[in-house]
Structures are given as C-alpha cells and as structure tokens.
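Asks: Going left to right, the sequence shown walks through residues 1 to 286 as the UniProt record's numbering numbers them. Ideal placement from N, C-alpha and C gives every residue a C-beta, glycine not left out. What follows is a single structure, and I will ask about it in a moment.
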Amino acid sequence: WTNKCLSYSGRLQLIQATLLVIQNFWISNTILPKATMLECEKIMRTFLWSGSAVKRRAKVPWANVCTPKAEGRLGIRRVGDCNKASMLKLIWDVLKGRPLLWVRWSRVEILKICSFWQMERKQSLSITWKYLLDLRAQASTNMVYSIGSRSSWSIWYEPWFQNTLLVSRLGYRVMYESGLSRNASLAEVISDSAWNWPANVRQLRDISLACEGIPIGQCDAIDWQAKGRSFSFKSAWEAIRAHHSVAPWAKTMWFPGAIPRHSFCMWLTFHKAHSTLDNLQRLGIV
Numbered sequence: 001w002t003n004k005c006l007s008y009s010g011r012l013q014l015i016q017a018t019l020l021v022i023q024n025f026w027i028s029n030t031i032l033p034k035a036t037m038l039e040c041e042k043i044m045r046t047f048l049w050s051g052s053a054v055k056r057r058a059k060v061p062w063a064n065v066c067t068p069k070a071e072g073r074l075g076i077r078r079v080g081d082c083n084k085a086s087m088l089k090l091i092w093d094v095l096k097g098r099p100l101l102w103v104r105w106s107r108v109e110i111l112k113i114c115s116f117w118q119m120e121r122k123q124s125l126s127i128t129w130k131y132l133l134d135l136r137a138q139a140s141t142n143m144v145y146s147i148g149s150r151s152s153w154s155i156w157y158e159p160w161f162q163n164t165l166l167v168s169r170l171g172y173r174v175m176y177e178s179g180l181s182r183n184a185s186l187a188e189v190i191s192d193s194a195w196n197w198p199a200n201v202r203q204l205r206d207i208s209l210a211c212e213g214i215p216i217g218q219c220d221a222i223d224w225q226a227k228g229r230s231f232s233f234k235s236a237w238e239a240i241r242a243h244h245s246v247a248p249w250a251k252t253m254w255f256p257g258a259i260p261r262h263s264f265c266m267w268l269t270f271h272k273a274h275s276t277l278d279n280l281q282r283l284g285i286v
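Written as structure tokens, this is what we have:
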C-alpha cells in the first residue's frame, strides 16, 4: 500500500475497493463516534494524497472529493452520511417487522407495546436507539403510507398524514375534544372505504378535507419515497448527502474505457491542483 509507484488513481481504487468496504461493514449496525469518523476520513485522505502515513498537503479539499463524480468530485462517500443511511435502514427494518434477530429483540425488549414514532427518548436507552429516535423526523419524510379500509395505523402517532404526526400537528387538546381515544386507529374514521372524521372539531374538519385526496386501499403498507419502492442504501444516502450542481466537464474524464490515471490527471487540472509554479508560490512552498 505504501508503494511509491502507486498513482493517485491507483490509491483511489484501493480506497474504494478496500477501505470503504471495511468501513461499510462496521457502520451497518453501529453508531460511530464523531472522532472515529474523522479519523477514518483522515486515514483515507492521507493515503490518497501521500500514499503513506506521512501527512502531506492535500491538493484538493476533502469536501471536494466526497461527492459523486458527476458533480465534479471523486465519488467517495462521507463516513457520517453512510452511517446515517445505515441507521435509516435499521428504522426501516423495525417498521417493516423484518424477520431479523435484532428486530425481534427490539420489538420485545425496547418497543414492547409502544409505537416507534410514539416512543419516549429515555436516558436508559442505548446510544444506537437514542440515535434512531433522533432520526425519526428525517425518516418520516421518506415514508409513504398506504391506508387500508381496516387500517391499524395509529391516528395520532403515525406520520401517515403529510409525513407528520397528527398529535404534533394538532396537539393533545384536539385529541381530547375529538372523542377519539389515544390508541385509536384509522379504521375508526373510515366507513365503507370513505373517510368519516368527527365533525365537532374545526381542526379535524380541515384534516377531513385534506384527506379527500388520500385513497383508501385494501390493506396497509409502508413504502420508501414512492409507492411500490423498497428501501435502498443508495436512495437513503442520496437523501442525506450534500448535493452540488452537475459538472459539465465530468463526462469528458469519467466514462467507460477511460484510463484512470489520465482521468485523475484531468480532474486535477479542472480543480487547478497540479504542482505548477504559480500554485507552489501561492501555497508558500517556493
């Protein structure tokens, strides 16, 4: 790995084929401390620009490396973004009731009879579960609820309505005035496959009007970002990462059949990162 004959493109391929694979294994079920994430990125950054443990000046800032090649970067993913996407996968597994040992244990020992969206963030919870609960707002924005005529979704504690909880939107007073219990399901406001909300509360009348555009199907379902779509790590990462405008010159260097060393050299050219005399003078090296 410390062979000086390795080009920048060779080091980049080693990072993507080895270091990132090892990293993805550990972050799939574990919350990494921020210091660990920074250290992981430091190792990759140092190896990319130096080829060894000896730190040298980076030719391009790390933030300009860690986004897709189409946006003018090198396609390396930030550790924090990948870790968060992996945690969203755990939330998805819990909501879908996947037949996994961790999911079964969590439902019995952590959630018990409580909804994931309703659960209180207690100090006694593990770091992982505290982090999962902190991600609820971000997770709910990607959930698409399909409502059945005998829906078991909670009226108040599921983000089925515009990705928000009704209890957070309307408050507990509306819950009390509606006459619907705290544990009421959507089946209680559906009659003959049509919405039938209590008419005695003004706020619920507004919800009733908004629900006219929400179809009622045969059964409940949760999808990811669009109906019929399942969770994928890539889509979760895309929803988390920082986005930049597409670089019009990216296709001139990253294409099938391109020579990696030549592509990397051209990439450095577009970022004005070659060790030219004016750059060396600007950095105070000469």
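Nearest-angstrom Cα distance between L12 and R261?
Replies: Between L12 and R261, the C-alpha separation is close to 10 Å.
Asks: Let me confirm a value: Y172 is counted as buried when at least 16 other C-beta atoms fall within 10 Å, else exposed. Which label applies?
Replies: Exposed, since its Cβ has fewer than 16 Cβ neighbours within 10 Å.
Asks: G51: buried (16+ other C-beta within 10 angstroms of its C-beta) or exposed?
Replies: It is buried - the Cβ of G51 has at least 16 other Cβ atoms within 10 Å.
Asks: For I216 versus I147, is the C-beta distance shorter than 7 Å?
Replies: The answer is yes: Cβ separation under 7 Å.
Asks: Can you tell me whether DSSP reads G10 as helix, strand or coil?
Replies: If DSSP states are grouped into helix, strand and coil, G10 belongs with the helices.
Asks: Give the single residue among Q162, Q23, I91 and L95 whose Cα lies nearest to the Cα of T128.
Replies: Here the closest residue by C-alpha is I91.
Asks: Going by DSSP, which residues form a beta bridge with V144?
Replies: DSSP lists D223 as partners of V144.
Asks: For V75, does the three-state DSSP call read helix, strand or coil?
Replies: For the record, residue 75 in the displayed sequence is Gly; it is not Val. Coil at G75, not helix or strand.
Asks: How is the alpha helix (DSSP H) around F47 delimited, first residue to last?
Replies: Element bounds for F47: K34 to S50.
Asks: So, are the CB atoms of residue 291 and W224 less than 7 Å apart?
Replies: Any question about residue 291 goes unanswered here, given that the chain covers just 1 to 286.
Asks: With 16 as the cutoff for other CB atoms within 10 Å, does W105 come out buried or exposed?
Replies: With fewer than 16 Cβ atoms within 10 Å of its Cβ, W105 is classed as exposed.
Asks: Per DSSP, which one or two residues make a beta bridge with T164?
Replies: Paired residue(s): F161.
Asks: Which value, in whole angstroms, describes the spacing of the CA atoms of N183 and L111?
Replies: Rounded to the nearest angstrom, the two C-alpha atoms are 15 Å apart.
Asks: Using the Cα positions of S7 and S232, report the straight-line distance between them to the nearest angstrom.
Replies: Their backbone Cα atoms lie some 33 Å apart in a straight line.
Asks: Can you tell me where the alpha helix (DSSP H) with C5 in it begins and where it stops?
Replies: It is not in any alpha helix (DSSP H) - C5 carries neither H nor E in the DSSP assignment.
Asks: Among the residues of its own chain, which have a CB less than 6 Å from the CB of V21, if the five just before and after it don't count?
Replies: Contacts found: none.
Asks: In terms of residues, what are the limits of the alpha helix (DSSP H) holding H262?
Replies: First-last of the alpha helix (DSSP H) with H262: P260 to F270.
Asks: My guess is that R73 and C66 are in contact by the Cβ rule of under 8 Å, so how many angstroms apart are they, rounded?
Replies: R73 to C66, Cβ: 6 Å. Contact.
Asks: Would you decide whether V108 is buried or exposed? Buried here means 16 or more other CB atoms lie within 10 Å of its CB.
Replies: Flag for V108 reads exposed.
Asks: If you draw a straight line from the C-alpha of S275 to the C-alpha of W267, how long is it?
Replies: Taking the straight line joining both Cα atoms gives about 13 Å.
Asks: Express the C-alpha separation of S149 and H243 in angstroms, rounding to a whole number.
Replies: So the alpha carbons of these two residues sit roughly 39 Å apart.
Asks: Considering M175, what are the terminal residues of the alpha helix (DSSP H) in which it resides?
Replies: Here the alpha helix (DSSP H) through M175 covers Y172 to S178.
Asks: Assuming the contact rule is C-beta atoms closer than 8 Å, W254 and S263 should be a hit. Round their C-beta distance to whole Å, please.
Replies: The Cβ separation is near 6 Å, so the contact holds.
Asks: Given K69, which residues of its chain have a CB within under 7 Å of its CB, disregarding the five upstream and five downstream residues?
Replies: Same-chain partners within the cutoff: G75, A250 and W254.
Asks: Which value, in whole angstroms, describes the spacing of the CA atoms of C5 and W49?
Replies: Near 13 Å, if we compare the C-alpha coordinates of W49 and C5.
Asks: Buried or exposed: F47, going by 16 or more other Cβ atoms within 10 Å of its Cβ?
Replies: It is buried - the Cβ of F47 has at least 16 other Cβ atoms within 10 Å.
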